[in-house]
Each structure stands twice: as C-alpha cells, then as structure tokens.
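Chemist: Chains as they are written, first to last, in this note's numbering: chain A, 471 to 634; chain B, 1423 to 1595. All residues carry an ideal CB built from backbone N, CA and C; glycine is no exception. Every value quoted in this text rests on a predicted model; they were computed, and no experiment measured them. Dumping the structure here so I can ask a few things about it.
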C-alpha cells in the first residue's frame, strides 16, 4: 500500500467532475487500498475521494468508526455512489485534507440512503445518518468537483440546535 | 523587513469604512491577514492584521487621511502573526437572558475555571431599551474535556441564566 499525494486547494484539479467506474479488477482493488492508506495517514481523516489524489473516478472511502458514540457502518467503499433519498438538515463543522488549516459550517442532510457498488462491483445499499451521512455527502461532493468551501454558511449567527 | 501589525479602527458606523481603509492599505503596499470587522451598536469596529515594510508610526500615517475623513479612531500595534495555526473549537456555548450587569464575567469565569479557552465570542444586546436581552455565543477549546464545562454550566442554570453547551464534532475528510 502506498500513501498518495493529496491535492490541495486552490489546485484547479479539485474542481473537475469524476467519471463512473466501469472496470472492476485487481488494479481497482489496489487503488482502493492505496486510497484507504492515504485517508488513514491524514490527521483525523474519516473520508477520502479519489479526486483528492488526482484520480477522476467515482470512488470514495468513509470510515467514521474511530469516533466514539456514533452509529456507523465501519469501512465503507463507495464506487459510483448515488444518494437516492435524503432527509432533514443539520449544521455541522467540517474540515478537509485538501483545505489545510480551516474548518467551517456546512448544512447537510441528516439522513441519506446511498446506493453504490463496492470495490468488487457488487451493488450495496446503506442508510447513513448524522456524522457518517455528513462524511459521505462531503466525499460525494468531491466527485462532482465541489469542496465544503462551496457550501459554507456563516460561522456567526448559525444555530447549533439542541440535540433532541 | 516585513512586519505584522494589528490595526484597530473604531468609529461611528457609515458606509464605506472598510473600502476606504483597505484601499489606503493596498495603495500603501500592505498585505492583509485575518480580520474581524463588525457593527457594534452604532459603531463600526475593525481589527485587522496588516503586513508592511515599515514601523507602526508609518502605518498610522498611511491611514491618517481616510481615518480623519471618516471620523475614525486608529490604533496600531506590532504583533507576531502566527498564521496557519488555527485551533479547532470543540465546544459552542450559547447564553441568553434578561440583560444585567455581570453575566459575561460570571459565565466566562466559571468556563475558564473549567478549562475553556475562548477562540471566538460575539454578543448582542437585543430586545428593547426598557427590557434589554443579552445573547452571547462563545466557541472554544475545552482543554479538560466537555464534562467539567457541563458541570460548571449547571451552576449557572441553577442561578437562572439560560445557557446551552453543544459539542462541536468537526468532520475532517
């Protein structure tokens, strides 16, 4: 496994739209391994998209299981992911390995239903909520050339709602 | 040699303050760093990091014309910049209630004792002149964890201050 170089904003390559994965082979599995190693090498990184390492394929990895007290699916490899249902909204703080030294508030859907393939091409379906749903939405944005900077809401005047 | 300064500008609010001050700095060859600028009551306040190849006095002279024209008070201090060292807040505290002397002192003292390092504080006096209300939003780093802060806030709630603590769980991906 190799740790790959992460593109850093304002690199214009981060704004490109990624293409669907059509070939599921050994090479893809190897890339997924490298991508995961890159994610885990980052400080506190709970997700990564292929476009962050300059590979324009619709592949993301999310693993929020290191965070205590939240429900999650563990290691999620999402190839050609699609959010088919999204509900609710939450303001939360995000940072990004491609945007060092900055965090900001972003509104994301509270729960999402994601349909994707795994690295072997098998169809998978996940219901994600809260922190995990936020990570998945952040990563899928990368595949569409969007950063959390494109979705920032004011740090002031925002309401952190009481958890009910 | 380039040096960093904190420029403080305060005066009666009117349109164009930011534009005139920043234009004078730009024309004078300055580079801007981080800033906080806002209307407080009927006043406008600027705290602005400025990098310039001069002494504090020269920077003051550069800003004298627009400051005088707009009726602004000016203050310049040499500082160390320490950019690219943002701390990530892990807790947000909202306070609101009828305005009365001592709320800020009382709240921030118990929070400081419980390990809170304030990164950002903004507050407003709202309501009416007869019945003012006070709203404060603090973000900071809980050096000793969230629990001591929650315990500390319980004592304030017991005294009738509406205060709400929310952990900020920053998602880095």
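1. Check this for me: beta carbons of residue 1592 of chain B and residue 563 of chain A, under 8 Å apart or not?
2. Compare the C-beta of residue 608 of chain A against all C-beta atoms of chain B and say whether one is closer than 8 Å.
3. Taking all protein chains shown into account, do 16 or more other C-beta atoms lie within 10 angstroms of the C-beta of residue 1488 of chain B, making it buried, or fewer, making it exposed?
4. Listing by chain order, which chain B residues have their CB less than 8 Å from the CB of residue 605 of chain A?
5. Would residue 471 of chain A be called buried (16 or more neighbouring beta carbons within 10 Å of its own) or exposed?
6. Please report the straight-line C-alpha distance between residue 1528 of chain B and residue 1574 of chain B, rounded to a whole angstrom.
7. Starting from the beta carbon of residue 572 of chain A, find every residue of chain B whose beta carbon is closer than 9 Å, and list them in chain order.
8. Taking the alpha-carbon positions, what's the residue 1521 of chain B to residue 1554 of chain B distance?
9. Residue 1586 of chain B by DSSP, collapsed to three states: which one?
10. For residue 1443 of chain B and residue 570 of chain A, I'd like the C-alpha separation in whole angstroms.
11. Nearest CA to the CA of residue 484 of chain A: which residue from A/474, A/613 and A/497?
12. In chain order, what residues of the same chain lie with their CB nearer than 7 Å to the CB of residue 603 of chain A, ignoring the 5 residues before and after it?
13. Does the beta carbon of residue 1590 of chain B sit closer than 8 Å to a beta carbon anywhere in chain A?
14. Check whether the Cβ of residue 566 of chain A lies closer than 8 Å to any Cβ atom in chain B.
15. Threshold first: 3 residues or longer. Then list the beta strand (DSSP E) segments lying entirely within the stretch 515-589 of chain A, N to C.
16. To the nearest angstrom, how far is the alpha carbon of residue 513 of chain A from that of residue 565 of chain A?
17. Give me the chain B residues within the contact set of residue 516 of chain A, using Cβ-Cβ distance strictly less than 8 Å, ordered along the chain.
18. Have a look at residue 529 of chain A and residue 1564 of chain B and give me their C-alpha separation to the nearest angstrom.
19. Would you mind sorting residue 573 of chain A into buried or exposed? The rule is 16 or more other CB atoms within 10 Å of its CB.
20. Could you compute how far the alpha carbon of residue 611 of chain A sits from the alpha carbon of residue 511 of chain A?
21. Which word fits residue 624 of chain A, buried or exposed, when buried means at least 16 other C-beta atoms lie within 10 angstroms of its C-beta?
22. Tell me, please, whether the CB atom of residue 596 of chain A is closer than 8 Å to any CB atom in chain B?
23. Does residue 601 of chain A get closer than 8 Å to chain B when you measure Cβ to Cβ?
24. Would a check of beta-carbon distances place residue 621 of chain A closer than 8 Å to chain B?
25. Please report whether the beta-carbon of residue 563 of chain A lies at a distance below 8 Å from any beta-carbon of chain B.
26. So if DSSP puts residue 1549 of chain B in a beta bridge, which residue, or which two residues, is it bridged to?
27. Please report how far the alpha carbon of residue 1585 of chain B lies from the alpha carbon of residue 1495 of chain B, in whole angstroms.
28. For residue 491 of chain A, which residues of its own chain have a beta-carbon under 8 Å away from its beta-carbon, when the five flanking residues on both sides are left out?
29. Within this structure, are the beta carbons of residue 516 of chain A and residue 504 of chain A separated by less than 8 Å?
30. Express the C-alpha separation of residue 600 of chain A and residue 630 of chain A in angstroms, rounding to a whole number.
31. According to DSSP, is residue 479 of chain A part of a helix, a strand, or is it coil?
32. Under DSSP, the beta strand (DSSP E) around residue 1458 of chain B begins and ends at which residues?
33. Residues in the same chain with beta-carbon distance under 8 Å from residue 493 of chain A, minus the five sequence neighbours each way, listed in chain order, please.
34. Output needed for residue 632 of chain A: all residues of its chain with C-beta closer than 8 Å, excluding positions within five of it in sequence on either side, in chain order.
Modeler: Per the coordinate set shown:
1. As a position in the second chain, residue 1592 of chain B is number 170, starting the count at 1. As a position in the first chain, residue 563 of chain A is number 93, starting the count at 1. Going by C-beta atoms, residue 1592 of chain B is nearer than 8 Å to residue 563 of chain A.
2. Against the first chain, residue 608 of chain A aligns to sequence position 138. By this cut-off, residue 608 of chain A is an interface position.
3. For this step, residue 1488 of chain B is matched to residue 66 along the second chain. Burial check for residue 1488 of chain B: the Cβ neighbour count within 10 Å reaches 16 or more, so the residue is buried.
4. Within the first chain, residue 605 of chain A is the residue found at index 135, counting from 1. Those are 1593 and 1595, listed as they occur along chain B.
5. Walking along the first chain from the start, residue 471 of chain A turns up at place 1. With fewer than 16 other Cβ atoms within 10 Å, it is exposed.
6. For the purposes of this step, residue 1528 of chain B is taken as the residue at position 106 of the second chain. For the purposes of this step, residue 1574 of chain B is taken as the residue at position 152 of the second chain. Residue 1528 of chain B and residue 1574 of chain B have their C-alpha atoms roughly 11 Å apart.
7. If you number the first chain from 1, residue 572 of chain A lands on position 102. Think of a sphere of 9 Å around the beta carbon of residue 572 of chain A: the chain B residues whose beta carbon falls inside it are 1508, in chain order.
8. The residue given as residue 1521 of chain B occupies position 99 in the second chain. The residue given as residue 1554 of chain B occupies position 132 in the second chain. For residue 1521 of chain B and residue 1554 of chain B, the distance between alpha carbons rounds to 6 Å.
9. Position 164 of the second chain, counted from the start, is the residue given in the question as residue 1586 of chain B. If DSSP states are grouped into helix, strand and coil, residue 1586 of chain B belongs with the strands.
10. The residue labelled residue 1443 of chain B in the question sits at position 21 within the second chain. The residue labelled residue 570 of chain A in the question sits at position 100 within the first chain. So the alpha carbons of these two residues sit roughly 29 Å apart.
11. As a working note, residue 484 of chain A is residue 14 in the first chain. Comparing Cα positions, the closest option is A/613.
12. The residue you call residue 603 of chain A lines up with position 133 of the first chain. Excluding residues within five positions, the ones whose Cβ falls inside 7 Å are 578, 579, 580, 581 and 582.
13. In the second chain, residue 1590 of chain B corresponds to position 168, counting from 1. So yes, residue 1590 of chain B belongs to the interface.
14. Numbered from its first residue, the first chain carries residue 566 of chain A at position 96. Judged by the 8 Å Cβ criterion, residue 566 of chain A is in contact with chain B.
15. Counting only runs of 3 or more, we get 517-519, 529-532, 546-557, 560-566, 569-578 and 581-587.
16. Your numbering for residue 513 of chain A matches position 43 in the first chain. Your numbering for residue 565 of chain A matches position 95 in the first chain. Approximately 11 Å, taken between the alpha carbons.
17. Along the first chain, read from residue 1 onward, the residue named residue 516 of chain A stands at position 46. Listed along chain B are 1593, 1594 and 1595, each with a C-beta nearer than 8 Å to that of residue 516 of chain A.
18. Locating residue 529 of chain A in the first chain gives position 59, where the first residue counts as 1. Locating residue 1564 of chain B in the second chain gives position 142, where the first residue counts as 1. Cα to Cα, residue 529 of chain A sits roughly 36 Å from residue 1564 of chain B.
19. If you number the first chain from 1, residue 573 of chain A lands on position 103. So residue 573 of chain A counts as buried.
20. Looking up residue 611 of chain A in the first chain gives position 141. Looking up residue 511 of chain A in the first chain gives position 41. Cα to Cα, the separation comes out at about 21 Å.
21. By one-based count along the first chain, residue 624 of chain A stands at place 154. Its Cβ having fewer than 16 others within 10 Å, residue 624 of chain A is exposed.
22. Along the first chain, one-based indexing puts residue 596 of chain A at 126. For residue 596 of chain A, the nearest beta carbon of chain B is not closer than 8 Å to its own beta carbon.
23. As a working note, residue 601 of chain A is residue 131 in the first chain. Taking Cβ atoms only, chain B reaches closer than 8 Å to residue 601 of chain A, which makes this a yes.
24. For this step, residue 621 of chain A is matched to residue 151 along the first chain. At a cut-off of 8 Å, the C-beta of residue 621 of chain A has no neighbouring C-beta in chain B.
25. On the first chain, position 93 is the one that residue 563 of chain A refers to. Yes, residue 563 of chain A counts as interfacial toward chain B.
26. Counting from one through the second chain, the residue named residue 1549 of chain B turns up at place 127. Among the bridge pairs identified by DSSP, residue 1549 of chain B is matched with B/1554.
27. Taking the first residue of the second chain as 1, we reach residue 1585 of chain B at position 163. Taking the first residue of the second chain as 1, we reach residue 1495 of chain B at position 73. In this model, residue 1585 of chain B and residue 1495 of chain B are separated by some 35 Å (Cα to Cα).
28. As a first step, residue 491 of chain A is located in the first chain; it is residue number 21 there, counting from the start. If we look at residue 491 of chain A and ignore the five residues flanking it on each side, its Cβ neighbours are 498, 527, 528, 529, 549, 550 and 587.
29. Against the first chain, residue 516 of chain A aligns to sequence position 46. Against the first chain, residue 504 of chain A aligns to sequence position 34. No, the Cβ-Cβ distance between residue 516 of chain A and residue 504 of chain A is not below 8 Å.
30. Reading the first chain from its first residue, position 160 is the one you call residue 630 of chain A. Reading the first chain from its first residue, position 130 is the one you call residue 600 of chain A. Residue placement at residue 630 of chain A cannot be trusted, given a pLDDT of 47 that sits under 50; the coordinates are not used to answer.
31. Numbered from 1 along the first chain, position 9 holds the residue referred to as residue 479 of chain A. In the structure shown, residue 479 of chain A adopts coil according to DSSP, grouped into three states.
32. Counted from its first residue, the second chain places residue 1458 of chain B at position 36. Start and end: 1453-1462.
33. Translated into positions along the first chain, residue 493 of chain A becomes position 23. None.
34. Stepping through the first chain from its first residue, residue 632 of chain A is reached at position 162. Its pLDDT being 45, under 50, residue 632 of chain A is placed unreliably in this model, and the coordinates cannot settle the point.
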